[in-house]
Amino acid sequence: ISQDYQDPLDFSTGGIGNIRVHNTAPIKMAMLFYVHRLYRYAHDSFDYSKTNQYLTLQMKVFLKKLVCFPTRISRCDFARLTAPEHGCVLNFPDVVHMTMICFQAQRVAKLIWVTRALNDMNAKA
C-alpha cells in the first residue's frame, strides 16, 4: 500500500501543462490533503489556507466530484480543467495524474476510517 500511495506523489513531468516548474510537490500535497479533508481527516502540519493558492476552483470541483460523485464526471468537467480561459492549464496527462493522486488519497482516507472504527470497537469491547 505504501508504494502504491507514494508512486503518484513521486511522479513528475517537471511542470503543469505547458508551464515548467521546479517543484510540483506543493500542488500534489494540496490535492492529497484536500481529498483527505473531504473525508474529515485534517493534517495539523498543513496550512489549509494555501489550498486556494495551489488549486483552482475547477480543480477542487473536479476532485470533489471525483471523490463524492464519480459517476457524474463528464467531458465538460475535463474541458473545464484543460481550458485556459478557466484559469487551468492542465493537459491530459496532468488530469490522469491528478486522478491517480485523488484515488490514492481516497484509499488512504478510507483505511484511516476503518482503522479508527476497529479501534473504537475494540475499546468498547
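Sequential numbering from 5 applies to the sequence shown in this note's numbering. Built from N, CA and C at the ideal position, the CB exists for glycine as well.
Within the region 26-50, the runs of alpha helix (DSSP H) at least 4 residues long that lie entirely inside it are, in chain order, 29-42. Between LEU85 and PHE66, the gap from beta carbon to beta carbon is short of 8 Å. Shown here for VAL39: same chain residues with a beta carbon closer than 7 Å to its own, the five before and five after excluded, namely LEU67, VAL71, CYS106, ALA109, GLN110 and ALA113 in chain order. Taking 8 Å as the cut-off, the Cβ atoms of VAL99 and PHE82 count as close. Rounded to the nearest angstrom, the gap between the Cα atoms of VAL93 and LEU115 is 33 Å. In the DSSP annotation of this structure, PHE73 is not part of any alpha helix (DSSP H), being labelled neither H nor E. Under the criterion of beta carbons closer than 8 Å, ILE77 and LYS64 do not qualify as touching, at roughly 14 Å. Sequence-distant Cβ neighbours of TYR58 in its own chain, meaning closer than 6 Å and more than five residues away, are PRO30, ILE31 and ALA34.
The shortest CA-to-CA distance from ARG44 to any of PHE96, HIS26, ALA87 and ARG120 is the one to ARG120.
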